[in-house]
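See structure below.
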Amino acid sequence: MARSVFRFLSRQPETPELYSADHHLRLPRYDDFDQWHALRRESRAFLQPWEPSWRADELTERSFRSRVVRNSQEYHSGLAVPFLLFAREGHVLLGGLTIGLIRRGASQSCMIGYWMGERHAGQGHMFAALQLAIPYIFGALELHRIEAACIPENEKSIRLLEKAGFQREGLLRDYLKINGQWRDHAMFSRLAGRAAGNGNKDNS
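Under the UniProt record's numbering, the residue at position 124 of the sequence shown is numbered 124, and the numbers go up by one with no gaps.
Have a look at this one:
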């Protein structure tokens, strides 16, 4: 386990950054606070049904700075890669995508989670982010399995995962406490080198 983490860290840049023609994924920085605060604040009603309850200090600058430090520590310890998602034009913050719960050893897997600002939802941005993140997970991180869990009523998230090649595996009962209530979650996964649903090699 320790050797695998060391090998992973020895090949990683100080701060990972993923680009496409229109999108940019990178770790949060202190100077992202104003955009992050504005987008999260205006999207609260849109996001809250799908997220853990927000703390009283959720949107404070102090809390955000602690988040940046914690995110950096998680990355450098090999536990997570918590990205913010930006549009390259104007460097506008769109949302976030976290590669978390990275497990090495026999598992070689991770869990992804994501959020999108309300005004940017439904425009294909998160699908584009997944198209950047998936090759990074299977390539640079050398993981075998990506997991994602979502509330069964979250039809938009389910369609997104299926479009990105994830396959539904089952139901996790009372899996996460979301918006103050324990909620069932549907489990999805995508495996390295396999297309969803048919076991064939994925040449995409």
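Yeah, the Cβ is synthetic: ideal placement off N, Cα and C, and Gly gets one too.
Remember, predicted model here, so these are calculated numbers, not experimental data.
Counting only the same chain and skipping the five closest in sequence on each side, list residues whose C-beta sits under 8 Å from that of R55.
The count along the sequence shown starts at 1 and reaches residue 55 at position 55. For R55, where only same-chain residues beyond five positions count, the Cβ hits under 8 Å are S63.
Where A133 and S157 are concerned, what is the direct C-alpha to C-alpha distance, given to the nearest angstrom?
Here residue 133 is taken as the residue at index 133 of the sequence shown, counted from 1. Here residue 157 is taken as the residue at index 157 of the sequence shown, counted from 1. Roughly 16 Å between the two C-alpha positions.
Does the beta-carbon of G113, which I'm using as the reference point, lie nearer than 6 Å to any heavy atom of the ligand GDP?
This structure lacks the ligand GDP; in fact it carries no ligand of any kind.
Tell me whether the beta-carbon of P82 lies closer than 7 Å to the beta-carbon of T98.
Your numbering for residue 82 matches position 82 in the sequence shown. Your numbering for residue 98 matches position 98 in the sequence shown. For P82 and T98, yes; Cβs fall inside 7 Å.
Out of P49, L85 and R29, which one is the CA nearest neighbour of Y114?
Position 114 of the sequence shown holds residue 114. The residue with the shortest Cα to Cα distance from Y114 is L85.
Report the rounded CA-to-CA distance for A186 versus L171, giving the unit in angstroms.
Taking the first residue of the sequence shown as 1, we reach residue 186 at position 186. Taking the first residue of the sequence shown as 1, we reach residue 171 at position 171. Cα-Cα distance, rounded: 5 Å.
Does the distance from the C-beta atom of H24 to that of A128 stay below 7 Å?
Translated into positions along the sequence shown, residue 24 becomes position 24. Translated into positions along the sequence shown, residue 128 becomes position 128. No, these two residues do not count as a Cβ contact at 7 Å.
Taking the alpha-carbon positions, what's the G100 to L141 distance?
Taking the first residue of the sequence shown as 1, we reach residue 100 at position 100. Taking the first residue of the sequence shown as 1, we reach residue 141 at position 141. One C-alpha to the other measures close to 12 Å.
Could you check how far apart the C-beta atoms of G95 and H125 are, in whole angstroms? I think they sit under 8 Å.
As a working note, residue 95 is residue 95 in the sequence shown. As a working note, residue 125 is residue 125 in the sequence shown. With a Cβ gap of about 7 Å, G95 and H125 count as contacting.
Sort T15, W50 and R41 by Cα distance to L176 and report the nearest one.
In the sequence shown, the residue the question calls residue 176 occupies position 176. The candidate whose alpha carbon is nearest that of L176 is W50.
Whole angstroms is fine: what's the gap from Q73's alpha carbon to R104's?
Here residue 73 corresponds to residue number 73 of the sequence shown, with the count starting at 1. Here residue 104 corresponds to residue number 104 of the sequence shown, with the count starting at 1. Q73 and R104: Cα-Cα distance of roughly 17 Å.
Which word fits W182, buried or exposed, when buried means at least 16 other C-beta atoms lie within 10 angstroms of its C-beta?
One-based indexing of the sequence shown puts residue 182 at position 182. That one is exposed.
Could you check whether I102 and L79 sit closer than 7 Å to each other, using their CB atoms as the reference points?
Taking the sequence shown and counting its residues from 1, one reaches residue 79 at position 79. Taking the sequence shown and counting its residues from 1, one reaches residue 102 at position 102. Yes.
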